[in-house]
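Structure first, then comments.
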Amino acid sequence: MPHTVEWKVRLYLFEDEGTTKARLVLDTKDTSLTGHGTARRNPEDDDIPEIGDELAAGRALHDLGDQLLSAAERDIKGSGASPRARPHVVWG
Numbered sequence: 003m004p005h006t007v008e009w010k011v012r013l014y015l016f017e018d019e020g021t022t023k024a025r026l027v028l029d030t031k032d033t034s035l036t037g038h039g040t041a042r043r044n045p046e047d048d049d050i051p052e053i054g055d056e057l058a059a060g061r062a063l064h065d066l067g068d069q070l071l072s073a074a075e076r077d078i079k080g081s082g083a084s085p086r087a088r089p090h091v092v093w094g
């Protein structure tokens with residue numbers, strides 16, 4: 003049985019005095035999750051906003067990914083699936 007859905011993601015970046023904050027909102031229609039990330043520029047480094055954007059956005063994506071994996075694990079446990087059915091995730 004084919005299954006196709008569309009999830010919408012919005013990324014907001016805020017920069018103020020060497021600190022960049024990212025907020026990433028995932029809307030699945032059934033639920034909404036928000037990931038957060040922060041990057042701080044070393045005062046000795048050149049002011050290159052794109053680097054702060056990339057770091058903060060990457061960290062927000064990582065946070066959101068962790069939340070999605072935790073939600074999947076809860077859903078697997080709640081479904082009564084055997085432990086063998088759980089996704090194998092290795093973090094290094």
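If you read the sequence shown in my numbering, its first letter stands for residue 3, the second for the next number, and so on.
Beta carbons: idealized from backbone N, C-alpha and C, even for Gly.
Please report the straight-line C-alpha distance between residue i and residue j, rounded to a whole angstrom.
i	j	result
Glu8	Leu35	15 Å
Phe16	His5	36 Å
Asp1	Asp32	In the structure displayed, the chain extends from 3 to 94; residue 1 sits before or after that span and is not available.
Val27	Pro45	30 Å
Asp49	Arg12	25 Å
Trp93	Ser81	At Trp93 the pLDDT is 45, less than 50, meaning the model places this residue with poor confidence; the figure from the coordinates comes in the next sentence. Approximately 24 Å, taken between the alpha carbons.
Under 8 Å between the Cβ atoms of residue i and residue j?
i	j	result
Ala73	Arg25	no
Gly20	Arg42	yes
Let me know if residue i comes out buried or exposed under the rule of 16 or more other beta-carbons within 10 Å of its beta-carbon.
i	result
Ala58	buried
Give me, in chain order, the residues of the same chain whose beta-carbon lies closer than 6 Å to that of residue i; leave out the 5 immediate sequence neighbours on both sides.
i	result
Lys10	Asp29
Between the stretch 30-47 and the stretch 60-67, are three or more C-beta pairs nearer than 8 Å? Yes, since at least three Cβ pairs between the stretch 30-47 and the stretch 60-67 fall closer than 8 Å, the two stretches touch.
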